[in-house]
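For reference, the structure discussed in these notes is given below.
Numbering (this note's numbering), first residue to last: 7 to 298.
What follows is the structure in C-alpha cells.
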C-alpha cells in the first residue's frame, strides 16, 4: 500500500496491550474504528518475546477476515537497526508474518525520515509516525519531506513524553500553549506534505469524560482526523467529536444509498473504496443528521 494518503483514516484508535490476548478480542468487538496492538510501552521487556508468539497464534486462529483496521505499535529502533535480535527487528519480522491481518505500523519515537523509509521498505506497510521528543519536533520538516513520504500515512505525537522532556507541568497554561503550537505545526506539515491530517495524542484521564469531550471536539474542529484512546470508555466521546468532520455528508448519503440498494459489502464511490467499517460510519453520520 504505497498510496497511503488515500487510506481512510479512523476516528478512534484504541490501544491494547500485545500481551493481553483477551483484551485484543474485546477491542476488536468494541466501538473503536481501529485498534493499535502495543508491543512497546504496554509490554515489559521480559514479556515481549512471548507476546509476539501469542500474537502469531492469535491471528493464526482467525478463520474469518477481521473487519476492523489493526495497527501494531512496534518497539523503537533505538540504534539497533542492524541487530537482528533486537525487539525492533523482531517486531518487523512479526509484522511481515502478520501482514495480511494488518493495516499498518505505528512507529514510536521517530526522529528521522530514514527510519520511516527503512520500516516501510522492510514491511511494505503504511506507517503512523509518533513524534515524542524535542529533536523530533525540531526535525519535523525533514521527517515529512518528500524523500521519506512514500510509506508515511499520518503523524501523531506523545504529549506525556514531550512535556516530560521539556519539563512542562501537565495541565499548566504553558503546557497547553506549547501543545497547541505543536498541533499547528503538525497540521501544516501534514497538509504541505500530502499526508492524512494528524492524529491527536491520548487523553490520560480516562474517567474525565467532560475534559475528553472538550479536547476531542477542539482538535476535530482544528482539523485533526482522529484521536488515540487508552480505554474503551473514551470511544463514544471521540467518535462523536469526529463523526461529521470525518465524512462529507454528500459522500455519506451516496454510500448509504448504494448500500441500501445493492447490499454490497465492498464497492467504490468517487474513486474511494468502501467497506463495512466505512459504511457503518456513514450510517452514523446520516442518523446523527436525522436526529438533529
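Think of the CB as a built atom: it goes at the ideal place given N, C-alpha and C, for glycine as much as any other residue.
Computed from a predicted model, the values in this text were never measured in an experiment.
Less than 6 Å between C-beta atoms, sequence neighbours within five positions excluded: which residues of the same chain meet that for residue 102? By 1-based counting over the chain shown, the position of residue 102 is 96. So the qualifying residues of the chain are 129.
Distance, Cα to Cα, residue 223 vs residue 91? Working through the chain shown from its first residue, we reach residue 223 at position 217. Working through the chain shown from its first residue, we reach residue 91 at position 85. If I take the Cα positions, the gap works out to 43 Å.
Buried or exposed by the 16-neighbour rule on C-beta atoms within 10 Å, applied to residue 300: This structure gives no information on residue 300, because the portion of the chain shown stretches from 7 to 298.
Starting from residue 76, trace the beta strand (DSSP E) both ways and give me its first and last residue. Looking up residue 76 in the chain shown gives position 70. 76-79 is the span of the beta strand (DSSP E), which, as asked, contains residue 76.
Within its chain, find whatever has a CB closer than 7 Å to the CB of residue 215; leave out the 5 residues flanking it on each side and keep chain order. Against the chain shown, residue 215 aligns to sequence position 209. Around residue 215: 243.
Simplified DSSP state of residue 30, which is helix, strand or coil: Against the chain shown, residue 30 aligns to sequence position 24. Helix.
Between the CA atoms of residue 247 and residue 16 - distance to the nearest angstrom: Position 10 of the chain shown, counted from the first residue, corresponds to residue 16. Position 241 of the chain shown, counted from the first residue, corresponds to residue 247. Note on geometry: alpha-carbon atoms of residue 16 and residue 247 lie some 12 Å from one another.
Beta-carbon contacts of residue 7 that lie in its chain and below 6 Å, excluding the five residues immediately before and after: Taking the first residue of the chain shown as 1, we reach residue 7 at position 1. Confidence at residue 7 is low in this model, with a pLDDT of 33, below 50, so the placement of that residue should be treated as unreliable; the coordinate-derived value is given next. So the qualifying residues of the chain are 132.
Count the other CB atoms within 10 Å of the CB of residue 187; is the residue buried (16 or more) or exposed (fewer)? Within the chain shown, the letter at position 181 stands for residue 187. Exposed.
Measure the beta-carbon distance from residue 159 to residue 134 and round it to whole angstroms, keeping in mind my assumption that it falls under 8 Å. Translated into positions along the chain shown, residue 159 becomes position 153. Translated into positions along the chain shown, residue 134 becomes position 128. Right, their Cβ atoms sit about 6 Å apart.
Whole-angstrom distance between residue 52 and residue 283, CA atom to CA atom: As a position in the chain shown, residue 283 is number 277, starting the count at 1. As a position in the chain shown, residue 52 is number 46, starting the count at 1. In a straight line, the C-alpha of residue 283 is about 36 Å away from that of residue 52.
Is residue 217 helix, strand or coil when you go by DSSP? Residue mapping note: residue 217 aligns to position 211 of the chain shown, counting from 1. In the structure shown, the three-state DSSP call for residue 217 is helix.
Can you round the beta-carbon distance between residue 172 and residue 140 to whole angstroms, since I take them to be within the 8 Å contact cut? Your numbering for residue 172 matches position 166 in the chain shown. Your numbering for residue 140 matches position 134 in the chain shown. With 8 Å as the limit, residue 172 and residue 140 qualify as a contact, their Cβ atoms being about 6 Å apart.
Taking all protein chains shown into account, decide if residue 25 is buried (16 or more other Cβ within 10 angstroms of its Cβ) or exposed. One-based indexing of the chain shown puts residue 25 at position 19. By the neighbour-count rule (16 or more Cβ atoms within 10 Å), residue 25 is buried.
How would you write the range of the alpha helix (DSSP H) that residue 113 sits in, first residue to last? Counted from its first residue, the chain shown places residue 113 at position 107. Looking at the DSSP string, residue 113 is not in any alpha helix (DSSP H); the run it does join, the beta strand (DSSP E), is 110-113.
Measure the alpha-carbon distance for residue 255 versus residue 288 and round it to whole angstroms. As a first step, residue 255 is located in the chain shown; it is residue number 249 there, counting from the start. As a first step, residue 288 is located in the chain shown; it is residue number 282 there, counting from the start. Cα-Cα distance, rounded: 8 Å.
May I have the straight-line CA-CA distance separating residue 18 from residue 204, to the nearest angstrom? Indexing the chain shown from 1 puts residue 18 at position 12. Indexing the chain shown from 1 puts residue 204 at position 198. Computed Cα separation, rounded: 12 Å.
Beta strand (DSSP E) runs wholly inside the segment 196-251, at least 3 long, in chain order: 232-235
Reduced DSSP category for residue 7 - H, G, I as helix; E, B as strand; rest coil: As a position in the chain shown, residue 7 is number 1, starting the count at 1. Because residue 7 carries a pLDDT of 33, less than 50, the predicted location of this residue cannot be relied on, and the following value inherits that uncertainty. Three-state DSSP puts residue 7 in coil, outside helix and strand.
Using the Cβ count rule (16 or more neighbours within 10 Å means buried), how would you classify residue 207? Here residue 207 corresponds to residue number 201 of the chain shown, with the count starting at 1. Answer is buried; the Cβ neighbour count reaches 16.
Could you tell me the alpha carbon to alpha carbon distance between residue 210 and residue 236, rounded to whole angstroms? Locating residue 210 in the chain shown gives position 204, counting from the first residue. Locating residue 236 in the chain shown gives position 230, counting from the first residue. Counting only the Cα atoms, residue 236 lies some 7 Å from residue 210.
Run through DSSP, which three-state label would residue 282 get? Here residue 282 is taken as the residue at index 276 of the chain shown, counted from 1. Helix.
Going by other Cβ atoms of all chains shown within 10 Å of its Cβ, with 16 needed for buried, is residue 28 buried or exposed? Taking the chain shown and counting its residues from 1, one reaches residue 28 at position 22. Exposed: under 16 other Cβ atoms inside 10 Å.
Measuring alpha carbon to alpha carbon, tell me which residue in 292, 234, 230 is nearest residue 39. Start at 1 with the first residue of the chain shown, and residue 39 comes out as number 33. Of the listed residues, the one whose Cα sits closest to residue 39 is 234.
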